[in-house]
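One structure is given below, encoded as structure tokens.
Number of protein chains: 2
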Amino acid sequence: MGGDNAPGVEVEGAVAAARRWGVAIILVGDADKVGAELKKHRVDGLTIAIHHASDVVGMHDSASDVIRKKKDCSIRVAFDLVRNGQAQAVVSAGNSGATMAAGMFVLKRIPGIDRPAIATIMPNIKDKTLVLDVGGNVDCKPLHLVQFALMGEVYTRRVLGKERPKVGLLSNGEEESKGNDLTREAHRLLKSASFNYVGYVEGRDIYNGSVDVVVCDGFVGNVVLKVAEGLSEGIFTMLRKEIGSRPLAKIGYLLARPAFQAFRKRVDYSEYGGAPLLGIDGTGVICHGGSSPKAIMNAVRMSRECVVKKVNQTMIAQIQEYCDGQPAAVDASSATQG
Amino acid sequence: MGGDNAPGVEVEGAVAAARRWGVAIILVGDADKVGAELKKHRVDGLTIAIHHASDVVGMHDSASDVIRKKKDCSIRVAFDLVRNGQAQAVVSAGNSGATMAAGMFVLKRIPGIDRPAIATIMPNIKDKTLVLDVGGNVDCKPLHLVQFALMGEVYTRRVLGKERPKVGLLSNGEEESKGNDLTREAHRLLKSASFNYVGYVEGRDIYNGSVDVVVCDGFVGNVVLKVAEGLSEGIFTMLRKEIGSRPLAKIGYLLARPAFQAFRKRVDYSEYGGAPLLGIDGTGVICHGGSSPKAIMNAVRMSRECVVKKVNQTMIAQIQEYCDGQPAAVDASSATQG
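Residue numbers (the UniProt record's numbering), protein chains in the order written: chain A, 1 to 338; chain B, 1 to 338.
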């Protein structure tokens with residue numbers, strides 16, 4: 001209910017997902033509104049139910065509202081369904097902070113994870129890179145970054161199908177002497193991880209395909225995400241302007257358009273679906289507020305894959321293995337929540 | 001001497017600057033090599049001298065080498081010339097960490113500045129944005145960010161000619177509730193600044209022209225810079241690939257090429273010259289290692305403008321004004337150097 005164009009887009013995407021991926025869908029929200037949207041679609045042979053929720057978290061509500069005030073808001077009710085075993089995953093295009101808070105409050109964290117993280121998939125020139133955290137973990141401790149690395153590695157291996165993902169820690173240079181207080185200690189801890197930790201990487205490595213997972217705190221991750229969005233938009237705005245002022249270039253653009261469209265498809269977020277919410281004891285995928293039905297459909301696919309490929313179970317085992325390999329002084333519970 | 005193609009490119013750029021901007025040039029470096037390069041150019045009517053320096057700092061030397069070991073390296077000798085009143089500014093395409101270290105060691109900082117910063121000019125859809133620090137100040141205190149804001153504001157006003165530059169603090173969202181420990185305190189301090197502080201800005205604001213100066217610590221600034229470089233390259237690599245695989249699109253590209261070239265010129269770093277090193281008691285401009293002669297020429301223009309427009313004098317007055325307006329508890333000297 002919380003998306004920019006809810007619930008029309010969500011219902012359309014969910015119906016498409018039910019048809020295409022054969023998943024059973026429970027639409028959570030205002031039963032009248034959702035029902036009216038659902039009537040617009042053919043649903044023969046599909047398993048689609050409506051579960052009423054009386055309230056909605058808006059984009060400007062604080063994440064804590066979902067916990068303290070809005071007990072019957074759709075995002076919280078959706079996670080309740082997972083907790084009660086009626087559903088296996090939640091997909092939301094609503095307020096991402098509230099989705100994260102609701103997921104954590106209702107489902108709790110998986111053992112060994114102090115802070116759930118939001119991961120985003122970014123296209124690179126060869127394939128794609130998973131960047132996390134791009135959620136709200138702004139002041140992290142080194143161990144949190146280690147946990148993000150662990151979760152990102154498992155997700156990339158299990159869901160994105162990379163056999164031995166290369167995991168890098170985002171820094172201001174590749175040399176050992178680089179980094180800040182946070183990354184230096186995280187780098188030290190990550191060196192003893194059993195997965196393929198490749199060390200410090202730079203901002204450019206997100207796009208050149210040299211690494212599969214890029215780990216950073218949520219402040220830096222958000223900056224990266226917004227810089228990427230802003231720069232892409234900026235480049236195309238400037239290019240459009242230059243092309244638009246030249247008649248011959250306009251004709252040229254028309255001829256080259258299929259190439260631009262292919263590029264656009266390649267970097268189109270709706271192909272990926274959404275951003276996995278990792279570290280909660282259940283499955284959640286967070287979509288852009290303005291998601292298209294296609295993005296919703298692909299987000300359902302993502303969430304399904306997380307469940308089928310046992311992402312959380314793998315994470316739990318991996319974290320246990322990491323903790324067992326550490327000296328006693330490194331204790332996940334000593335990291336405070338911010 | 002430390003640039004990727006030194007000293008040929010530097011000499012060519014310096015000669016062009018002498019001719020175009022009428023500045024007197026002292027070329028600092030290996031007298032034989034520099035002299036051989038200089039002989040390739042017509043220098044009638046220009047004031048160009050060579051000052052010998054026996055050593056060079058390489059790209060992989062540490063910044064401390066310039067201070068402890070290489071006392072006769074070209075970058076240090078160049079700053080010595082400024083200290084001794086023989087020159088008024090230094091332009092370097094060498095190791096930027098070493099340039100910053102040499103500038104700070106030889107010229108010291110201007111009063112009230114704890115840490116010099118490197119500022120970079122990024123094109124936005126309307127004009128340009130100054131982002132600082134993109135240098136090596138990875139672990140900053142809130143007061144350092146205030147000082148960066150002050151310096152960036154003065155540079156933008158005096159050199160880039162914006163009358164009342166809008167200064168923003170880079171954060172993970174615009175709301176007051178956003179930010180990390182560092183930005184929250186810096187935000188509180190910046191609110192009492194006399195210049196036009198507009199509050200938190202996001203990564204996308206670097207490109208949409210909504211703000212003139214974006215302030216961040218050097219870790220985040222470096223990530224922004226490298227993400228921007230990597231993404232721009234990535235976008236054009238992917239576009240080229242899509243165009244290259246379609247004969248019709250190739251023809252279209254040829255027709256649209258002037259538009260692409262105009263765009264390229266607009267975002268071409270060599271038009272800006274270099275990155276001003278702010279906060280040292282003198283003037284320094286740091287260029288890309290692989291700078292073109294044009295970039296060197298424009299960097300000389302930048303350095304000249306800093307001197308002519310009395311950037312440092314304005315900064316000193318501005319900092320004094322800021323400090324006078326603060327309660328006694330806020331003391332610049334309490335900020336430690338990292």
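In this text, a Cβ means the ideal position worked out from N, Cα and C, and glycines have one as well.
None of the values given here were measured: they were computed from a predicted structure.
{"Item": "Apart from the five residues on each side of it in sequence, which residues of its chain come closer than 6 Å, Cβ to Cβ, to V330(B)?", "Value": "Its pLDDT being 47, under 50, V330(B) is placed unreliably by the model, and nothing is read from it."}
{"Item": "Can you look up G29(A) in the DSSP assignment and give me helix, strand or coil?", "Value": "strand"}
{"Item": "To the nearest angstrom, how far is the alpha carbon of V77(A) from that of L145(A)?", "Value": "30 Å"}
{"Item": "Within its chain, find whatever has a CB closer than 6 Å to the CB of P165(B); leave out the 5 residues flanking it on each side and keep chain order.", "Value": "E153, T156, R157, D212, V213"}
{"Item": "If I follow the unbroken alpha helix (DSSP H) through P142(A), where does it start and stop?", "Value": "142 to 158"}
{"Item": "Just reading off the alpha helix (DSSP H) that I319(B) is part of, what are its end residues?", "Value": "311 to 324"}
{"Item": "With a threshold of 7 Å between beta carbons, is F263(A) in contact with chain B?", "Value": "yes"}
{"Item": "According to DSSP, I280(B) sits in a beta bridge with which residue or residues?", "Value": "R109(B)"}
{"Item": "Which term fits T336(B), buried or exposed, when burial requires 16 or more other beta carbons within 10 angstroms of its beta carbon?", "Value": "With a pLDDT of only 43 at T336(B), under the threshold of 50, the placement of this residue in the model should not be trusted, and no figure is reported."}
{"Item": "Hey, how far is the Cα of I206(B) from the Cα of G230(A)?", "Value": "7 Å"}
{"Item": "From the beta carbon of N172(A), is the nearest beta carbon of chain C less than 7 Å away?", "Value": "The chain inventory of the structure shown lacks chain C, comprising the protein chains A and B."}
{"Item": "Here's a check: name, in chain order, each residue in its chain whose Cβ is nearer than 7 Å to the Cβ of L107(B), leaving out the five neighbours to either side.", "Value": "F79, V82, R83, I280, D281, G282"}
{"Item": "From A332(B) to G112(B), what distance separates their C-alpha atoms?", "Value": "Reliability fails at A332(B), whose pLDDT of 47 lies under 50, so the model's placement of it is uncertain and the value that follows must be treated cautiously. Going by the C-alpha atoms only, they are around 6 Å apart."}
{"Item": "Assuming V23(B) and R304(B) make a contact with CB atoms under 8 Å, what is their CB distance in whole Å?", "Value": "5 Å"}
{"Item": "Compile a chain-ordered list of the residues in the segment 133 to 161 of chain A whose CB is closer than 7 Å to at least one CB of chain B.", "Value": "V138, D139"}
{"Item": "One question on the structure: do M302(A) and G284(A) come within less than 7 Å of each other, judged by their Cβ atoms?", "Value": "no"}
{"Item": "Taking DSSP as the reference, what is the three-state secondary structure of K265(B)?", "Value": "helix"}
{"Item": "Counting only the same chain and skipping the five closest in sequence on each side, list residues whose C-beta sits under 6 Å from that of K128(A).", "Value": "I121"}
{"Item": "State the Cα-Cα distance for the pair K178(A) and R184(A), rounded to the nearest angstrom.", "Value": "8 Å"}
{"Item": "Could you tell me which chain A residues have their CB closer than 8 Å to the CB of L225(B), listed as they occur along the chain?", "Value": "G203"}
{"Item": "Could you spell out the range, first to last residue, of the alpha helix (DSSP H) harbouring G218(A)?", "Value": "218 to 244"}
{"Item": "Would N95(A) and V57(A) qualify as a contact pair, given that the criterion is a beta-carbon distance under 7 Å?", "Value": "yes"}
{"Item": "Compare the C-alpha of L278(B) against each of A87(B), M297(B), P116(B), S54(B) and name the closest.", "Value": "P116(B)"}
{"Item": "Please confirm whether E229(A) has its beta-carbon closer than 7 Å to some beta-carbon of chain B.", "Value": "yes"}
{"Item": "Can you give the Cα-Cα distance for P239(B) and A6(A), rounded to whole angstroms?", "Value": "Before going on, a small fix: residue 239(B) reads as Leu here, not Pro. Approximately 34 Å, taken between the alpha carbons."}
{"Item": "Flag this pair as touching only if the segment 245 to 256 of chain B and the segment 236 to 255 of chain A have three or more C-beta atom pairs under 8 Å; answer yes or no.", "Value": "yes"}
{"Item": "Within 10 angstroms of its Cβ, does H187(B) collect 16 or more other Cβ (buried), or is it exposed?", "Value": "buried"}
{"Item": "Relative to the C-alpha of K309(B), which residue among H52(B), G161(B), V224(B), Q86(B) is closest?", "Value": "G161(B)"}
{"Item": "When you compare each of I235(A), W21(A), L225(A), F260(A) to A262(B) by their alpha carbons, which one comes out closest?", "Value": "I235(A)"}
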